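Heads up, the final residue of the sequence shown is numbered 600 in this note's numbering, and it's a clean run with no missing numbers. Accompanying notes for the structure given below.
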Amino acid sequence: MINTLHLNALDPAGREEAIEKAAELLRQGKLVIIPTETVYGLAANALDAQAVSRIFVAKGRPQDNPLIVHISDMAQLDPLVREVPRSARLLAEKFWPGPLTMVMPKSQAVPDVTSGGLDTVAVRMPSHQTARDIIEKSGLPLAAPSANLSGSPSPTTAHRCAQDMDGRVEAIVVDEDSQVGVESTVIALHGEDVLVLRPGAVTPEDLASVLGSEHVSVHSSITAPLQPGEKAESPGMKYKHYAPKAEVTILRGSKEAFAEFAAQQKGKDGVYLLRFEEDGDYGLPSLCYGSQSDPASQAHRLFEALRELDELGAKTVYAHCPEAEGVGLAVYNRLLRAAAFRVIDLD
Ligand code: AMP
Ligand code: MG
254 MINTLHLNAL DPAGREEAIE KAAELLRQGK LVIIPTETVY GLAANALDAQ AVSRIFVAKG
314 RPQDNPLIVH ISDMAQLDPL VREVPRSARL LAEKFWPGPL TMVMPKSQAV PDVTSGGLDT
374 VAVRMPSHQT ARDIIEKSGL PLAAPSANLS GSPSPTTAHR CAQDMDGRVE AIVVDEDSQV
434 GVESTVIALH GEDVLVLRPG AVTPEDLASV LGSEHVSVHS SITAPLQPGE KAESPGMKYK
494 HYAPKAEVTI LRGSKEAFAE FAAQQKGKDG VYLLRFEEDG DYGLPSLCYG SQSDPASQAH
554 RLFEALRELD ELGAKTVYAH CPEAEGVGLA VYNRLLRAAA FRVIDLD
C-alpha cells in the first residue's frame, strides 16, 4: 500500500506547488493521477518501461492493451514516432490540443510495454491546463490510461479516482470534474485515410471536415461486438469496459415507448432508470444522464451516473438509448459496453 498524496490544484495558492510535486514524482518514475479534459488519467513516464509497467499493475489492465502517450507540444512528437503522416499533421493543426488520439508508427524510444508490444504508438495532446502544465514541468511524455480499475467506468472526478486508486498510486492531482466525460477519439491512419477505432468528442464529421468524408471510416466494433475471428484493430476492443455492478439494458425507442416499458417495471426490486432530463421517472427510482437533445451533456454525465447507480444499489438498469450521432456516437459506444450489448428495440 502506498500512502497516496492528494495534491490540490483547485486552490490557486497551492496550484503551482501541486504541479511541481506531480512533475517531480513523475520524473522519479512514480504513478500520478492527473486531470484531463476527457477523464482523469493514471500517468507515468511513457519512456520508462518500469514506471509504465506499474500502471498495468495498479489498474489490473491486460498487458497487451496499449497506452496513450500525452504530450504538451509538437516538439515532443517527433522522438516518439518514425513518421508523422500528412493527414496527422493536418488533424493536429485543427484538433490539438484536444480529445483526439492518433496511432502512428512508433520509434525505438517508446518501450514495448507502453505500446502493448505493437509497432505503433497512440499519441494525444490534451487541452486541460493542469495536464499541460504537469507534462511541461516534468519534461516527459506521459503514458496515461483512464485512472480507474480495469473494467470499471472511467473516473471523471478526483473523488472517483481516490475510490479506485488510493493506496495504488503515489499522488492524485485534485482538480475540477472532467469537462468532456468520455475518453478521447482514437484513430488509425492509413495513408490519406483514417479509421475511427474509438469514438469521442472529436466526431467523424469533425475529421471529415479536414480530410473529406471519403477519407474517414468508423470501425464496425464501435456499435457491434467484435465477431469471432475478427481482428481487433485496437486491443481495447477485446475487453470488457465501463461495466457497473448492475445489469444494464438499453431501451431504444420514443419517449412514449420508454414510458410504457418503465411503467411495467414499477415496484420491482432494484430496478432503476437511466434517463434523459426530458423523460419522466414514471414512479421508478431514476438518474438522469443529460439532455436528450444535447449529446455533450450525456457524455459529461454518463460515467458518473453509472457509478452513482452502483452506490444506490441498483441491480437492474434500463437506460434510454442516445442518438448515435456526433458526440452521441461516443455515448452510445460506452453505454453499449456498459450494457454488454443488451439492447431492446421498443418501437
Ligand atoms: P485508455 O488508455 O483506457 O484510454 O485506452 C486507450 C485505447 O487506445 C485502448 O482502446 C487501446 O487499445 C487504444 N490504443 C492505444 N494504443 C494503440 C495502438 N498503438 N494501436 C491501436 N489502438 C491503440
Ligand atoms: Mg480506460
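Positions of the beta carbon are idealized from the N, C-alpha and C atoms, including for glycine. None of the values given here were measured: they were computed from a predicted structure.
Report the rounded CA-to-CA distance for residue i versus residue j, giving the unit in angstroms.
i	j	result
residue 471	residue 330	25 angstroms
residue 356	residue 445	14 angstroms
residue 404	residue 343	34 angstroms
residue 358	residue 368	10 angstroms
residue 460	residue 348	9 angstroms
residue 575	residue 506	10 angstroms
residue 468	residue 590	27 angstroms
residue 298	residue 280	7 angstroms
residue 416	residue 564	12 angstroms
residue 528	residue 581	14 angstroms
residue 593	residue 499	11 angstroms
residue 458	residue 522	42 angstroms
residue 346	residue 466	18 angstroms
residue 480	residue 487	14 angstroms
residue 336	residue 483	28 angstroms
residue 596	residue 573	10 angstroms
residue 364	residue 380	25 angstroms
residue 518	residue 562	17 angstroms
residue 254	residue 430	26 angstroms
residue 256	residue 420	6 angstroms
residue 278	residue 406	26 angstroms
DSSP three-state call for residue i: helix, strand or coil?
i	result
residue 574	coil
residue 463	helix
residue 500	strand
residue 261	strand
residue 581	helix
residue 565	helix
residue 444	coil
residue 357	strand
residue 553	helix
Mark residue i as exposed unless 16 or more other C-beta atoms lie within 10 angstroms of its C-beta, in which case mark it buried.
i	result
residue 372	exposed
residue 315	exposed
residue 511	buried
residue 401	buried
residue 327	exposed
residue 386	buried
To which residues of the same chain is residue i closer than 8 angstroms at the C-beta, ignoring the five residues directly before and after it?
i	result
residue 434	291, 292, 409, 552, 553, 554, 555, 556, 557
residue 262	268, 271, 272, 288, 383, 426, 427, 428
Whose C-beta lies closer than 7 angstroms to the C-beta of residue i among residues of the same chain, with five residues either side of it excluded?
i	result
residue 370	317
residue 306	366
residue 388	323, 324, 325, 395
residue 533	512
Among residues of its own chain, excluding the 5 on either side of residue i, which ones have a beta-carbon nearer than 6 angstroms to its beta-carbon?
i	result
residue 451	439
residue 321	354, 375, 377
residue 296	285, 287, 395, 397
residue 302	364, 366
residue 474	490
Kindly provide the chain-ordered list of residues whose Cβ lies closer than 6 angstroms to any non-hydrogen atom of the ligand MN. With respect to the ligand MN, the structure shown offers nothing to examine, as its ligands consist of the ligand AMP and the ligand MG.
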